[in-house]
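Below is one structure, written out as structure tokens, with a few remarks after it.
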Amino acid sequence: MRYIPIAITLISSFALAEQRHASSHVHGLNHATVVLEGNSLQISYEFPAEQLSEHEHDEHKHDEHKHDEHKHDEHKHDEQGDKNHALSEKLEAIDSVFAMVRLPKNAQCKETKVTHSVTQVASNDKEHTSHYDALIGSTLECSAPNNLTNISFEPAFERFNDLEKIEVEGLLGTRALSETLTATSSSLAL
Ligand SMILES: [Zn+2]
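Read left to right, the sequence shown gives residues 0 to 189 (numbering that gives the first Met the number 0).
Dropping the structure here:
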């Protein structure tokens, strides 16, 4: 029955990610979950997709507004599909979680799998219909997990100009941790 704790850990991680999809699309605020179980490390990093195109954001908004004057729902739907596709391409260009985090070298963590997803933020508010969340999910194998004493999110703060805070939730074996990081305090102690 040794597999049961692992299953629970994975479920917890996904449940946390799901909750966030429902509640918190806030520009400048990103979310990360870190789950370490034995040699296996999972990191998911979620952020408003606007961060992928910070400097184009206003331009896009303008375009959408223009298109909205067309009366067809169909047209609007296509446009959202196009936007989703464009964002997915930008997201997939980030091919490793190491674009966001830095791990101690002597923990010897190798990334074995990366997933990307772009989700439209559900909202009744009309102004919010064109907002998306981007999620990068990474699975890593660490040969020396005991050396995993911290995770630095400095690369994320360097990459995204508008990033103010990252809320990190972690599960290390059975130990839970929760911390808010900023550009001046960007490292999570494990
Ligand atoms: Zn947004």
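Glycine included, C-beta positions come from ideal geometry on N, C-alpha and C. Here the structure is a predicted model, which means the values were calculated and not measured.
DSSP assignment within the segment 92-145 yields the following whole beta strand (DSSP E) runs of 3 residues or more, N-terminal first: 108-119 and 131-141. Straight across, the Cα-Cα distance linking His130 with Pro47 is about 8 Å. In the DSSP annotation of this structure, Glu163 is not part of any beta strand (DSSP E), being labelled neither H nor E. For His30, the enclosing beta strand (DSSP E) covers residues Leu28 to Glu36. The beta carbon of Ser116 sits closer than 6 Å to the beta carbons of Leu134 from its chain, once the five residues preceding and following it are set aside; these are given in chain order. By the CB criterion at 7 Å, Val167 and Ser137 fall outside the cutoff.
Annotation: the continuous beta strand (DSSP E) that includes Ser177 extends over Arg174 to Leu180.
The alpha carbon of Lys112 has as its nearest neighbour, out of Leu171, Ser23 and Ile42, the alpha carbon of Ile42. Distance from the CA atom of Cys108 to the CA atom of Ala98, rounded to whole angstroms, is 14 Å. At least one heavy atom of ligand 1 lies less than 6 Å from the C-beta of Glu49. Around the beta carbon of Leu139, 16 or more other beta carbons lie within 10 angstroms, which makes this residue buried.
Listed in chain order, the non-local C-beta contacts of Ser151 below 7 Å within the same chain comprise Val100, Arg101, Ser185 and Ser186, local neighbours out to five positions each way being set aside. Beta-bridge annotation (DSSP): Val25 is not paired with any residue. Look at Glu53 here: in three-state DSSP terms it is coil, with no helix or strand label. Excluding the 5 residues flanking it on each side, Gln119 has same chain C-beta neighbours closer than 6 Å at Tyr131, in chain order. Taken from the Cβ of His130, at least one heavy atom of ligand 1 lies inside 6 Å. DSSP places Leu187 within a strand segment (E or B) once states are collapsed to three.
For Phe152, there is no enclosing beta strand (DSSP E), as DSSP marks it with neither H nor E.
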